[in-house]
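Number 335 in this note's numbering belongs to position 157 of the sequence shown; there are no gaps in the numbering.
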Amino acid sequence: MLICEALNSIVIVHTFLRYAILKVLKLKSEVLFMKKMKVNPDFIPCLPVLGDEMLGGFPFNWHITKATAWIKENGDQVELSKVQVGPPGPGADSAKLDEDFLPQADLMKPIIMVRMRPEFFRLIDGNHRVAKARRMGVAELPAYYLTQEQHRQFFTSEDMDKRYVEYWNGKLKDFRKDNGRWGVVGEVGV
179 MLICEALNSI
189 VIVHTFLRYA
199 ILKVLKLKSE
209 VLFMKKMKVN
219 PDFIPCLPVL
229 GDEMLGGFPF
239 NWHITKATAW
249 IKENGDQVEL
259 SKVQVGPPGP
269 GADSAKLDED
279 FLPQADLMKP
289 IIMVRMRPEF
299 FRLIDGNHRV
309 AKARRMGVAE
319 LPAYYLTQEQ
329 HRQFFTSEDM
339 DKRYVEYWNG
349 KLKDFRKDNG
359 RWGVVGEVGV
């Protein structure tokens, strides 16, 4: 019986390690094929209109209302997957959450993640859904993943495209220089 349990544990650990190694290799190969970006000389920012949802945070701001509408119209071009929800704890959720809105957060509506750096995605829409899921013990949520090229069209000021291209190209160079040693293993967590 002990031998069977030990063998079962070895198989589980081997499967997990194999999965983790494959994720690292996938990330590294994905990043190796990522290209430097160029500034869009025709970039037109998404200007806010009263009532639109925006996400602001230096140095980048997104027009969430327009991003959501674009995803709805171009669903075949957007990756729909899952995001892992981390455990509750101090500082896990934004201090700016509207606690009164939390019960209304729809956990079936996908959150929106954007590829900020070659190895990193950022949550731009769904903080209330994540907080609600975390408090309810929900392990994962549906998520739309926008590429580095897709999400930049939703920046809200003229200089953001240029700043993002410089940021992206610098991170891509660092990642390649370091041979991907600081890559993230596993699924994206929020």
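Even glycine gets a Cβ: it sits at the ideal position worked out from N, Cα and C.
Cutoff 7 Å; reference residue i; Cβ partners in own chain excluding five residues on either side
{"i": "Leu280", "result": "His306, Ala309, Lys310"}
{"i": "Val217", "result": "Asp339, Lys340, Val343"}
{"i": "Pro237", "result": "Arg341"}
{"i": "Leu203", "result": "At Leu203, the pLDDT of 48 sits below 50, so the modelled position is not reliable; the number obtained from the coordinates is stated separately. If we look at Leu203 and ignore the five residues flanking it on each side, it has no Cβ neighbours."}
{"i": "Leu370", "result": "Summary: the structure shown does not reach residue 370, with the chain confined to residues 179 through 368, and so no result is reported for it."}
Extent of the continuous alpha helix (DSSP H) run through residue i
{"i": "Glu251", "result": "242-251"}
Residue i, DSSP secondary structure in three states
{"i": "Lys260", "result": "strand"}
{"i": "Ile199", "result": "Only weak support exists for where Ile199 lies, its pLDDT of 47 falling under 50; the value from the coordinates is given anyway. Note: Ile199 maps to helix in three-state DSSP."}
6 Å Cβ shell around residue i - same chain, five flanking residues per side excluded
{"i": "Glu231", "result": "Ile242, Thr243"}
{"i": "His329", "result": "Val292"}
Backbone CA spacing between residue i and residue j [nearest angstrom]
{"i": "Gly315", "j": "Asp220", "result": "45 Å"}
{"i": "Lys287", "j": "Gly264", "result": "18 Å"}
{"i": "Ala283", "j": "Met212", "result": "35 Å"}
{"i": "Arg312", "j": "Asn252", "result": "29 Å"}
{"i": "Phe299", "j": "Tyr322", "result": "11 Å"}
{"i": "Thr246", "j": "Asn239", "result": "15 Å"}
{"i": "Leu261", "j": "Leu228", "result": "Checking the sequence, you will find Val at residue 261 rather than Leu. C-alpha separation (whole angstroms): 31 Å."}
{"i": "Tyr133", "j": "Arg354", "result": "This structure cannot settle anything about residue 133, because the visible part of the chain is limited to 179 through 368."}
{"i": "Pro296", "j": "Leu324", "result": "12 Å"}
{"i": "Ser259", "j": "Pro320", "result": "6 Å"}
{"i": "Glu327", "j": "Leu275", "result": "29 Å"}
Which parts of the stretch 278-349 are runs of the alpha helix (DSSP H), unbroken and 4 residues or longer, counting only runs that do not cross its ends? 305-314, 326-329
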